[in-house]
Every structure is written in structure tokens, then in C-alpha cells.
């Protein structure tokens, strides 16, 4: 959708415009929900430290992930992008260890091994066309890697903020920073993005609309809700499901052929996800349950 929108727009506008639309929808939901649930009197003031936390995830998380991702897609190969995106769960695991103190259990190591094996089978990477060292694509590759690391930072640090704020609030407050930084940038570098709004083709509008609804709103809200229930390492591994469902969607919509290796790879990724979520949660639940007879 990003490539589709950038047929007539630039990377800054492609990031700024959908996020702004998503922020408007989030503002309505957060404001309406707060008014319905709020107790009499003024809502508590946000602590200064928390304010800077939201600035950090907006600046180093959202802007780093979305802006550099959209720009890197233009300057690199699709196969390079697909390969670099596979490092997101690994980056998330490292960030979760450093920031949240989460640990890798044997179940998580096994899940990562299964997921990596499966995602290589069904990622759609053209290994013959990979070019990670050419000066022609180096800048794009670096931008894509920065995007991955920034996304991992956002995912992990958001879990820290989700202890006190709802997923809708965390997403909205981080978008405030994105809008504040990108608005002057888009007015300076790509003002034609606004002037050309009436002239965009239907496909460009479709790309912008789908980015707004699915990438910057729905998927983010769902993922942050998942983070309230799982460790960041567990939630991060689910990113390996993206290539598999991409193949399923391509088979249904574009009638592309699914090979046995793709199906097998998808099965491995699904197994790894169930292992790190359902099985590990069940195992942890049993370890926390009381042992021995309960008092009458």
C-alpha cells in the first residue's frame, strides 16, 4: 500500500497523512470514552516523565519505523526489505531483555527456531535477487533496518506505558509527536501532497485509506491490546505470521499458487506461535498453581 500511495506522493506525506487521519479517529474514541467513564472533576495531569516517554516512542518509535520504512521501500529491493523485516522479532526480544528484563526460556528458543525455519520457507524472498552490500541499495537497506529497530523499540516501550494507559491512549499520544514533527517537514519538503489531493487516482486513495485503517489504526490497536496480555517477546514472534497470511491472501485474491514448501513453512510458524503463547501460558499457569491438597 505504501508503494501504491507513493505513485503520486512522497514518503513524508505517505507517512503523515494516514497517521493524521488515524489520530483524528483515535481522538474521538479516547475523548468519547473518557467522557463516559470519567469521574467528576478534572482528569489527573500527566507526569512530566510520562510526557517525555510518549515523546520518545513517537519520535524514536513511530517516526523511525514508519518514515524510514516508507522511504527505505523506495530505495531498496523488495527481497532486501522482506529479509530485513524478519529481524523484527529478534530485535524485539533484545529490546525486551534490555528494557523490560524479559527472559528467553527454552520454550521461546524452540519457538524462535521453528518460526525462523518456517518463515524462510514462506517469506517469498527471492534469494537470487538479494543485494545487501551494493552501494546503490545501501541507504535503503540502512533505512529499513532503522525502521525495524525503531518498531521493536516502540513495541517494547509501549508495554511499559500500557501499565497506566489504555492501548488507544498510548497510540494517540505517540501520534501527537509524529504529527508535530512531520507537519513542518511535509509542508517544507512535500507541500504538493496537499495541493494534489483532488487529483489523486483511485488507486492512490485506496492505498492511503488502507494504510490509515489497517496499518496505522486497526493493526496497532490490536497489537497493543495483545501486549497487555503477553510479554513483548511473545507478541513480537507473531510478526512471523505476516508472510504466511500474505501468501494465503495472494492465493485467494490473486490466485497465486501455494507450494507444499510454503504450506509446510506456514504450519511451522503457526506451531511456533501456539508454542510460545498457548503452551507457555498454560505451563506458567500450572507452575503458579498451588501444589498439594487445598485446605477445607
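In this note's numbering, the protein residues as written are 1158 to 1453.
Beta carbons: idealized from backbone N, C-alpha and C, even for Gly.
query, result
"Our contact map puts residue 1184 next to residue 1329 with C-beta atoms below 8 Å; I'd like the distance itself, whole angstroms only.", "6 Å"
"To the nearest angstrom, report how far apart residue 1434 and residue 1231 are at their CA atoms.", "35 Å"
"Do three or more CB pairs link the stretch 1293–1310 to the stretch 1201–1210 at distances below 8 Å?", "no"
"Quick one: residues in its chain with C-beta nearer than 7 Å to the C-beta of residue 1353, no 5 flanking neighbours on either side, listed in chain order?", "1165"
"Please identify the residue among 1302, 1379, 1168, 1389 whose C-alpha is closest to the C-alpha of residue 1254.", "1389"
"If you draw a straight line from the C-alpha of residue 1351 to the C-alpha of residue 1174, how long is it?", "9 Å"
"CB-CB under 7 Å to residue 1430, same chain, minus the five flanking residues each way: which ones, in chain order?", "1394, 1395, 1398"
"Please classify residue 1262: does DSSP put it in a helix, a strand, or coil?", "coil"
"What does a CB cutoff of less than 8 Å around residue 1195 pick up in its chain, not counting 5 residues either side in sequence?", "In this prediction, residue 1195 scores a pLDDT of 48, lower than 50, which makes its location untrustworthy; no coordinate-derived value is stated."
"Please determine, among 1322, 1269, 1179, the residue with the shortest C-alpha to C-alpha distance to residue 1376.", "1179"
"For residue 1130, does the three-state DSSP call read helix, strand or coil?", "There is simply no residue 1130 to check, as the chain begins at 1158 and stops at 1453 in what is shown."
"Hey, residue 1364 and residue 1158 are a contact pair by Cβ (cut 8 Å); roughly how many whole angstroms apart?", "4 Å"
"For residue 1181, tell me which candidate among 1302, 1332, 1406, 1294 has the shortest Cα-Cα distance.", "1332"
"With 16 as the cutoff for other CB atoms within 10 Å, does residue 1360 come out buried or exposed?", "exposed"
"Using the Cα positions of residue 1293 and residue 1321, report the straight-line distance between them to the nearest angstrom.", "45 Å"
"By the three-class DSSP mapping on this structure, what secondary structure does residue 1221 have?", "helix"
"In whole angstroms, give me the CA-to-CA distance for residue 1371 and residue 1264.", "31 Å"
"Once you ignore the five residues that flank residue 1385 on each side, which residues in its own chain have a CB closer than 6 Å to its CB?", "1319"
"Could you give the residue range of the alpha helix (DSSP H) that holds residue 1210?", "1205–1213"
"Considering only the alpha carbon of each residue, which of 1270, 1367, 1380, 1417 lies closest to residue 1162?", "1367"
"Going by DSSP, what residue range makes up the alpha helix (DSSP H) through residue 1291?", "It is not in any alpha helix (DSSP H) - residue 1291 carries neither H nor E in the DSSP assignment."
"Only counting the same chain, and skipping five residues up and downstream in sequence, which positions put a Cβ closer than 6 Å to that of residue 1226?", "1304"
"Thinking just about the alpha-carbon of each residue, which of 1380, 1220, 1271, 1216 is nearest to the one in residue 1169?", "1220"
"Give the DSSP-derived three-state secondary structure of residue 1373 in the structure shown.", "helix"
"Give me, in chain order, the residues of the same chain whose beta-carbon lies closer than 7 Å to that of residue 1171; leave out the 5 immediate sequence neighbours on both sides.", "1159, 1162, 1163, 1227"
"If you check the beta carbons only, do residue 1176 and residue 1379 fall under 8 Å apart?", "no"
"Please state whether the Cβ-Cβ distance between residue 1317 and residue 1256 is less than 8 Å.", "yes"
"What first and last residue would you give for the alpha helix (DSSP H) that runs through residue 1330?", "1324–1346"
"In terms of residues, what are the limits of the alpha helix (DSSP H) holding residue 1367?", "1359–1367"
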